[in-house]
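**Student:** Have a look at the structure that comes next, please.
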Amino acid sequence: MAVSRRMVLGGTACATALSVLDSRLALADAVTDRRFVLVILRGGLDGLAAVPPYGDRFYRQIRGGLALDDPMRGTGLADLDGFFGLHPALEPLVPWYRSGQLLPVHAVATPYRERSHFDGQDLLETGADRPGGARDGWLNRAIGLLDGGGRRLGLAVGQTVPLVLRGDTPVASWSPAILPEADDAFLDRLAMLYRDDAVFGPMLAEAVSVDAMAESALAGADRRSSGRRAAEAADLARVAGGMLAAPDGPRIAVLEVSGWDTHARQGTETGQLARSLTGLAGGLTELRAALGPAWRETIVAVVTEFGRTVAPNGTGGTDHGTGAAALLAGGRVAGGQVLADWPGLAPGRLYEGRDLAPTLDLRSVMTALLREHLELPADAVSRVVFPDGPAASLTGLVAA
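So in our numbering, spot 201 of the sequence shown is number 207, and the numbers just go up one at a time.
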């Protein structure tokens with residue numbers, strides 16, 4: 007369960023508060039200055055819309071009504087390299103690409119080849135090669151390899167701790183308030199009451215400290231021009247960035263964004279998907295701003311459980327697919343390029359005749375980030391984090 011000061015104080019019994027707080031909230035000086043943020047897009051992002059391969063000669067034919075305008079027309083998608091572009095809603099990220107701080111990855115997937123959200127997300131978060139192949143998350147295992155001196159380096163920002171962060175290594179969590187705010191006078195009285203309690207006293211102090219970080223990060227937020235979901239994503243990103251930027255804060259965070267299962271009325275330059283992408287771009291922008299100078303030591307990975315079908319369905323949307331797109335961003339990314347072993351959109355090159363064929367294992371990308379950015383030993387990553395992962399490794403994703 008996610009924890010905040012307000013949630014701690016909302017219960018009527020000390021036992022309830024203790025169960026909420028249990029082992030989730032010790033944040034202290036971290037050993038590393040490197041930051042890593044994993045953003046999970048739940049539902050299956052249409053990578054052919056987010057990062058359109060407009061230079062593929064089959065793109066417009068096979069995408070039909072979902073094809074975006076060629077950038078040569080001065081409207082529609084933003085050109086990246088003469089072959090790939092970015093959806094217009096991701097326009098705020100184009101300067102990041104130009105400055106080497108955005109690296110799209112295409113035709114990427116986990117080992118999963120079926121079409122279930124539940125199983126697809128299981129593999130995305132456990133790093134296993136089959137559903138149910140592991141009970142803990144690969145990022146939790148990775149955090150366990152970092153020398154935190156007994157301190158908690160991981161942070162879940164959202165209503166629950168996602169599977170990717172669950173495991174033997176304790177992590178912190180924060181979620182927006184559900185219950186009414188407690189005033190400072192009540193907090194002071196509660197702290198006085200439990201000052202000699204060896205268990206609840208320190209936990210209460212930690213909860214107040216973490217919630218203060220979150221409130222500081224949210225101070226002055228203006229949500230008037232955003233939709234509800236976009237505003238929520240921006241708030242979570244702002245909190246994560248503020249906590250990661252703190253000298254005594256965590257170093258690794260996970261955020262989740264739902265709403266990517268676009269079976270109907272997906273839209274092109276506008277519509278359902280465009281609104282979600284606008285929220286994503288806004289959230290990433292807020293994250294960067296909240297991190298401040300720490301952005302230079304940060305990598306953000308935006309991933310999804312699978313891609314979507316290449317051709318639109320009969321309701322103007324797309325169905326569950328295979329090959330997907332991911333985004334890497336941050337001051338430590340070797341961006342300004344698109345990483346892709348492009349399989350092509352010719353009918354004979356599609357997976358099962360309907361999907362973008364995956365040519366890159368997402369675990370190879372994460373392995374490279376863990377090794378080159380967080381500087382984890384290669385043998386430990388292969389043995390502990392991704393024991394079922396591919397033998398091939400990637401290089402050149404992290405700036406020198």
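Ideal Cβ placement from N, Cα and C applies to all residues, glycine included. Owing to the predicted nature of the structure, the values given are computational and were not obtained by experimental measurement.
1. Are the CB atoms of GLY247 and GLU292 nearer to each other than 8 Å?
2. In angstroms with no decimal places, state the Cα-to-Cα distance between PRO58 and GLY156.
3. Tell me the DSSP secondary structure of ASP241 in three-state form.
4. Assuming VAL404 and ALA340 form a contact by the criterion Cβ under 8 Å, report the distance between their Cβ atoms to the nearest whole angstrom.
5. If we count the other Cβ atoms within 10 Å of its Cβ and call it buried at 16 or more, is PHE124 buried or exposed?
6. Restricting to runs no shorter than 3 residues, where is the beta strand (DSSP E) found entirely within the segment 57-143?
7. Out of ASP361, GLY337, ARG41 and LEU83, which has the shortest C-alpha to C-alpha gap to ASP319?
8. Can you list, in chain order, the residues of its chain whose CB lies under 7 Å from that of ALA134, leaving out five sequence neighbours each side?
9. Need the endpoints of the alpha helix (DSSP H) that GLU292 sits in, please.
10. Is the segment 53-72 in contact with the segment 110-121, if contact means three or more CB pairs nearer than 8 Å?
11. Who are the Cβ neighbours of THR401 in its own chain at under 8 Å, not counting the five residues just before and after it?
12. Can you list, in chain order, the residues of its chain with a C-beta nearer than 7 Å to that of ASP62? Leave out the 5 residues immediately preceding and following it.
13. Thinking C-beta only, is SER181 closer than 8 Å to LEU161?
14. Would you identify the three-state DSSP class for ARG158, choosing helix, strand or coil?
15. What's the gap between the Cα of ALA95 and the Cα of ARG355?
16. For TYR103, which residues of its own chain have a beta-carbon under 7 Å away from its beta-carbon, when the five flanking residues on both sides are left out?
17. Any idea which residues DSSP pairs VAL43 with across the strands?
18. Is LEU130 near PRO117, with beta carbons less than 8 Å apart?
19. Could you tell me the alpha carbon to alpha carbon distance between ARG79 and VAL100, rounded to whole angstroms?
20. Pick helix, strand or coil for ASP228, following the three-state DSSP scheme.
21. Who are the near neighbours of GLY82 in its chain, counting only those whose CB is closer than 7 Å to its CB and skipping five residues on each side?
22. Candidates GLN272, VAL177 and ARG119: which alpha carbon is nearest ASN146's?
23. Could you check whether the Cβ of ALA335 sits closer than 7 Å to any heavy atom belonging to the ligand MG?
24. With the cut-off set at 8 Å, would you say GLY50 and GLU381 are in Cβ contact?
25. Please classify GLN272 as buried or exposed, where buried requires at least 16 neighbouring CB atoms within 10 angstroms.
26. Among residues of its own chain, excluding the 5 on either side of GLY121, which ones have a beta-carbon nearer than 6 Å to its beta-carbon?
27. From the DSSP output, in three-state form, read off ALA346 for me.
28. Just the Cα atoms here: how many angstroms apart are LEU376 and ILE258?
29. What is the rounded straight-line gap between the Cα of GLY408 and the Cα of LEU366?
30. Pick out whichever of VAL163, GLN165, VAL170 and ARG136 has its Cα sitting closest to the Cα of ILE149.
31. According to DSSP, simplified to helix, strand and coil, what is SER179?
**Tutor:** Let me spell this out:
1. Remark: C-beta atoms of GLY247 and GLU292 approach each other more closely than 8 Å.
2. Their Cα atoms are separated by approximately 45 Å.
3. In the three-state scheme derived from DSSP, where H, G and I count as helix and E and B as strand, ASP241 is classed as helix.
4. Yes, VAL404 and ALA340 are in contact; Cβ-Cβ is about 6 Å, under 8 Å.
5. Under this definition PHE124 is an exposed residue.
6. Along the segment 57-143, the beta strand (DSSP E) occurs as fully enclosed runs of 3 or more residues at 108-115, listed in sequence order.
7. Correcting the residue type first, residue 319 is Asn in the shown sequence and not Asp. If we check each option's Cα against that of ASN319, ASP361 comes out closest.
8. Excluding residues within five positions, the ones whose Cβ falls inside 7 Å are ALA140 and ASP394.
9. For GLU292, the enclosing alpha helix (DSSP H) begins and ends at 278-297.
10. Yes, since at least three Cβ pairs between the segment 53-72 and the segment 110-121 fall closer than 8 Å, the two stretches touch.
11. Residues ALA374 and GLU378 of the same chain have their beta carbon placed closer than 8 Å to that of THR401, with the five preceding and five following residues left out of the count.
12. The beta carbon of ASP62 sits closer than 7 Å to those of GLY350 and LEU351, all from its chain and outside the five residues before and after it, given in chain order.
13. For LEU161 and SER181, no; Cβs fall outside 8 Å.
14. Correct three-state label for ARG158: coil.
15. Going by the C-alpha atoms only, they are around 29 Å apart.
16. Correct list, in chain order: LEU86, GLY341 and GLY342.
17. According to DSSP, VAL43 bridges with ALA259 and VAL306.
18. By the CB criterion at 8 Å, LEU130 and PRO117 fall outside the cutoff.
19. Straight-line Cα distance between these residues: approximately 18 Å.
20. Its pLDDT being 48, under 50, ASP228 is placed unreliably in this model, and the value from its coordinates should be taken loosely. Coil, per DSSP.
21. In its chain, beyond the 5 residues on either side, LEU74, ASP75, ASP76, PRO94 and GLU275 have a beta carbon closer than 7 Å to the beta carbon of GLY82.
22. Nearest C-alpha to ASN146: VAL177.
23. Annotation note on the ligand MG: not contained in the displayed structure, which lists no ligands.
24. Against a cut-off of 8 Å, the Cβ pair of GLU381 and GLY50 comes out as no contact.
25. Within a 10 Å sphere around the beta-carbon of GLN272 sit 16 or more other beta-carbons, which makes this residue buried.
26. Checking the sequence, you will find Arg at residue 121 rather than Gly. Excluding sequence neighbours, ARG121 sits near HIS326.
27. Residue state, collapsed to three classes: coil.
28. Distance between the alpha carbons of LEU376 and ILE258: 11 Å.
29. Past the boundaries of the shown model lies residue 408; the chain is included only from 7 to 406, so the question cannot be answered.
30. Considering only alpha carbons, the answer is VAL170.
31. Three-state result, SER179: strand.
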